[in-house]
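Undergrad: Got a structure here, written out as structure tokens. Questions coming.
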Amino acid sequence: MYCPTPLEAFILDVYAALGITGPEELEIGPVAGHFGLRLMLADVGSRRVGSWIVLDRRLPADRRREDFFHELVHAVLDSGNQLQDPRLRVAFQEGRADRAAMEWAAPGPWLLERLDPDRPYADQVPALAGAFRLSRAFMARRLYHLWRRVEAIRLGALK
Numbered sequence: 001m002y003c004p005t006p007l008e009a010f011i012l013d014v015y016a017a018l019g020i021t022g023p024e025e026l027e028i029g030p031v032a033g034h035f036g037l038r039l040m041l042a043d044v045g046s047r048r049v050g051s052w053i054v055l056d057r058r059l060p061a062d063r064r065r066e067d068f069f070h071e072l073v074h075a076v077l078d079s080g081n082q083l084q085d086p087r088l089r090v091a092f093q094e095g096r097a098d099r100a101a102m103e104w105a106a107p108g109p110w111l112l113e114r115l116d117p118d119r120p121y122a123d124q125v126p127a128l129a130g131a132f133r134l135s136r137a138f139m140a141r142r143l144y145h146l147w148r149r150v151e152a153i154r155l156g157a158l159k
């Protein structure tokens, strides 16, 4: 019944090309390398600088991982310089990066394989956050977005 979004299909193709079939194999280094990006830890807020993704070493590992996927979206989908771009364009890019990072970090098909349909999604957040190495808050948002998509498909609003 579930059909991956075009972005999820692209993500799953990238992961398949890297031999990644689930969250336990998903390491950020090879994903960055696939796009010609390099990683650096520093005591600054996470950001992309040219071909570098700089991750804030002061953050817990799960938050650095989430920041990586957010910055990856900027590297793959965005152009321009946010310091010079109009605020509306920057706001659009940031919103898209927030949403798309969820799909990179926890693709819908991988989540659905692990979800127990007889239990509320909210009860499964801790275990899924651990399996995907993400914060509980991030996983709760991801499951909410997934639930909305699954419900839209079930109700016939999406095909």
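Using the numbering used here, read the sequence shown as starting at 1 and increasing by one per residue.
Glycine included, C-beta positions come from ideal geometry on N, C-alpha and C.
1. For the stretch 103-121 and the stretch 43-53, state whether three or more C-beta atom pairs, one from each stretch, are separated by less than 8 Å.
2. Considering only DSSP beta bridges, list what arginine 48 is partnered with.
3. Could you tell me the boundaries of the beta strand (DSSP E) in which alanine 42 lies?
4. Ends of the alpha helix (DSSP H) at leucine 112?
5. Check for me: the alpha helix (DSSP H) holding cysteine 118 runs from which residue to which?
6. Please tell me whether alanine 140 and valine 125 are closer than 7 Å, where the distance is taken between their beta carbons.
7. Let me know if phenylalanine 35 comes out buried or exposed under the rule of 16 or more other beta-carbons within 10 Å of its beta-carbon.
TA: Reading off the structure:
1. Too few Cβ pairs lie closer than 8 Å, so no.
2. As a working mapping, residue 48 is identified with position 48 in the sequence shown. Partner(s): Ile53.
3. The residue given as residue 42 occupies position 42 in the sequence shown. In the DSSP assignment, alanine 42 falls within the beta strand (DSSP E) that extends over 38-42.
4. Here residue 112 refers to the residue found at position 112 of the sequence shown. Note, leucine 112: alpha helix (DSSP H), 108-114.
5. On the sequence shown, residue 118 is found 118 positions in, with the first residue counted as 1. Just to set this straight, residue 118 is aspartate in the shown sequence, not cysteine. Neither: aspartate 118 is in no alpha helix (DSSP H) and is coded neither H nor E.
6. Within the sequence shown, the letter at position 140 stands for residue 140. Within the sequence shown, the letter at position 125 stands for residue 125. Cβ atoms of alanine 140 and valine 125: closer than 7 Å.
7. For the purposes of this step, residue 35 is taken as the residue at position 35 of the sequence shown. Phenylalanine 35 is classed as exposed because its beta carbon has fewer than 16 other beta carbons within 10 Å across all chains shown.
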